[in-house]
Structure formats: C-alpha cells, structure tokens
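Asks: Quick one: the structure is below, and I'll ask about it shortly.
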Amino acid sequence: MKDLCKTNPSKNILRDLPDDLIVSFVEMASVSNDGYIQQKINRPLGELRKSSYTYFQENDIIIAKITPCMENGKCALATELSNHIGMGSSEFHVIRSQSPTLNNAFLFHFLNRNEIRQSAEQHMTGASGHRRVPIGFYESLPVPVPSIEKQTEILAQIAQYEAQIATCEQKIQSLPAQKQAILVQYLQ
Numbered sequence: 021m022k023d024l025c026k027t028n029p030s031k032n033i034l035r036d037l038p039d040d041l042i043v044s045f046v047e048m049a050s051v052s053n054d055g056y057i058q059q060k061i062n063r064p065l066g067e068l069r070k071s072s073y074t075y076f077q078e079n080d081i082i083i084a085k086i087t088p089c090m091e092n093g094k095c096a097l098a099t100e101l102s103n104h105i106g107m108g109s110s111e112f113h114v115i116r117s118q119s120p121t122l123n124n125a126f127l128f129h130f131l132n133r134n135e136i137r138q139s140a141e142q143h144m145t146g147a148s149g150h151r152r153v154p155i156g157f158y159e160s161l162p163v164p165v166p167s168i169e170k171q172t173e174i175l176a177q178i179a180q181y182e183a184q185i186a187t188c189e190q191k192i193q194s195l196p197a198q199k200q201a202i203l204v205q206y207l208q
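Those letters in the sequence shown? Residues 21 to 208, per my numbering, in order.
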C-alpha cells in the first residue's frame, strides 16, 4: 500500500490558511462502528491547528489506531467536510490514495473488514490498555487493485446491499411499535 497511498499527512499544508476558516472536527466517539462519521462539529481552524489533533481532508480514510476503538471498527471515509478539511483525534491514522488506479472508497471497504482488524490487532504495540496499531502495518499491506471500472462496479454492488440493509433496519426498528399497537388494540 505504501506505493499507492499517503499515510498520516503533515499538517504543514494548513499553516497558510486563515485561523477563522471553519473546518470539521471529528471526535473518536463520532465515528461509528459501522464505517461512517455520525457527527462533525464546525470549528475555526485556529482552535485546532496547533494541537495534537490529526489532520485529514475530503475522501481520506480515518481509522482508529488504539485499542479497543480499532477492534470495534472505528474506520470511516471522511466526506462532506467543511471546506474539505477535517481535524480529529490524535488516535486516528489517515490513509489517502495517491494513485489514479485506486479509488479511496474501494480502499476504505478493503480496510474496513474484520480480517484486516484481526490482523492489525496481532500487530499492535504498547502496554495493555494503550496498545496501538503502528502505521507500518497499513503501509505494508498488499492491496488488490482491480481496474477502476471493476472498483466502480464493486462499489455499486456494495451500495445496493447497504441500501437494502438500511431498509431492513428501518423495518426492524418499527416492529416493536407495531407489536405494541396490536397489544393495545386487542388486550385493553
């Protein structure tokens, strides 16, 4: 992956931007275990720039490096960022495709799999409770790179399944209320 991607990009690119530029701030708790960012907070860049927060940009992949967040699946494709810039927990690794042959969304789905998390867990370093995945683990991963057309086809199939899952989850959420309505109607 090292030849295809940039990892943990430097914040130096931010130094010439104005302090009042609004950017998206993403806390670790705002990254779902299902692969998306649940909440972004708009904040002025000047409040965040000199901190230890991690910098990322539109369509970067952010992935938790610390236990238990990484094992729980805290990994997301950063989209819809204010001014296309994000800042977040220092416990995120950032991965950005630099190759025209590798779609970031495809790379996200490759990285956000149980097999990758299980392998990453085996490569964690540090003391119990503060174990982290070193960036070298991701940099050394072999990444399949089918044609862009095939990646687009795979992403379309994934999107169809995600839509079906969302529909089923909505139906499941409505079932307890429907059950309660029957109980009220016939048992009162």
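A virtual CB, placed ideally from N, CA and C, is assigned to each residue, including glycine.
Every value quoted in this text rests on a predicted model; they were computed, and no experiment measured them.
(1) Tell me whether V43 is buried or exposed, calling it buried when 16 or more other Cβ atoms sit within 10 Å of its Cβ.
(2) Any chance you could list the alpha helix (DSSP H) runs of at least 4 consecutive residues sitting entirely within the stretch 96-132, in chain order?
(3) Among residues of its own chain, excluding the 5 on either side of S110, which ones have a beta-carbon nearer than 7 Å to its beta-carbon?
(4) Is M48 near C89, with beta carbons less than 8 Å apart?
(5) Please report the distance separating the alpha-carbon of E159 from that of V114.
(6) Under the three-state reduction of DSSP, which class applies to S139: helix, strand or coil?
(7) Which residues does DSSP pair with Q77 in a beta bridge?
(8) Cα-Cα, which of R63, N28 and I86 is closest to T212?
(9) Beta-carbon of N28 versus every beta-carbon of chain D: anything under 8 Å?
(10) Going by C-alpha distance, which of I105, I155 and L68 is nearest M21?
(11) Going by CA-CA distance only, name the one from R152, N79 and Q59 that's closest to T99.
(12) So L131 and I81 are in contact, right, with Cβ under 8 Å, and what is the actual spacing, rounded?
(13) Under a Cβ-count criterion, where at least 16 other Cβ atoms within 10 Å of its own Cβ denotes burial, should K191 be classed as buried or exposed?
(14) So, is S194 buried or exposed, given that buried needs 16 or more other C-beta atoms within 10 angstroms?
(15) I need the straight-line Cα distance from V46 to N103, nearest angstrom please.
(16) Measuring straight from C-alpha to C-alpha, what distance separates S30 and R116?
(17) What residue from D40, E135 and F76 has the CA that sits closest to K26's CA?
Replies: Looking at the coordinates:
(1) As a working note, residue 43 is residue 23 in the sequence shown. Note on V43: 16 or more other CB atoms within 10 angstroms of its CB, so buried under the neighbour-count rule.
(2) Here the runs fully enclosed are 124-131.
(3) Position 90 of the sequence shown holds residue 110. Excluding five sequence positions before and after S110, the CB atoms of its chain that fall closer than 7 Å to its own CB belong to S72, Y73 and T74, given in chain order.
(4) By one-based count along the sequence shown, residue 48 stands at place 28. By one-based count along the sequence shown, residue 89 stands at place 69. By the CB criterion at 8 Å, M48 and C89 fall inside the cutoff.
(5) As a working note, residue 159 is residue 139 in the sequence shown. As a working note, residue 114 is residue 94 in the sequence shown. Going by the C-alpha atoms only, they are around 11 Å apart.
(6) As a working mapping, residue 139 is identified with position 119 in the sequence shown. DSSP places S139 in the helix class (H, G or I) of the three-state scheme.
(7) Indexing the sequence shown from 1 puts residue 77 at position 57. DSSP, once it has assigned bridges, lists I105 as partnering Q77.
(8) Outside the shown range of the chain, which is 21 to 208, sits residue 212, and nothing can be said about it.
(9) Judged by its chain identifiers, the structure shown contains no chain D, having just a single protein chain.
(10) For the purposes of this step, residue 21 is taken as residue 1 along the sequence shown, with counting starting at 1. Nearest C-alpha to M21: I155.
(11) Here residue 99 refers to the residue found at position 79 of the sequence shown. The residue with the shortest Cα to Cα distance from T99 is N79.
(12) Locating residue 131 in the sequence shown gives position 111, where the first residue counts as 1. Locating residue 81 in the sequence shown gives position 61, where the first residue counts as 1. Yes, they are in contact, since the Cβ atoms of L131 and I81 sit about 6 Å apart, within 8 Å.
(13) The residue labelled residue 191 in the question sits at position 171 within the sequence shown. Note on K191: under 16 other CB atoms within 10 angstroms of its CB, so exposed under the neighbour-count rule.
(14) Residue 194 sits at position 174 when you count from the first residue of the sequence shown. Exposed: under 16 other Cβ atoms inside 10 Å.
(15) Counting from one through the sequence shown, the residue named residue 46 turns up at place 26. Counting from one through the sequence shown, the residue named residue 103 turns up at place 83. Inter-residue distance for V46 and N103 is about 14 Å (C-alpha atoms, whole angstroms).
(16) Here residue 30 corresponds to residue number 10 of the sequence shown, with the count starting at 1. Here residue 116 corresponds to residue number 96 of the sequence shown, with the count starting at 1. C-alpha separation (whole angstroms): 12 Å.
(17) As a first step, residue 26 must be located in the sequence shown, where it is residue number 6. The candidate whose alpha carbon is nearest that of K26 is F76.
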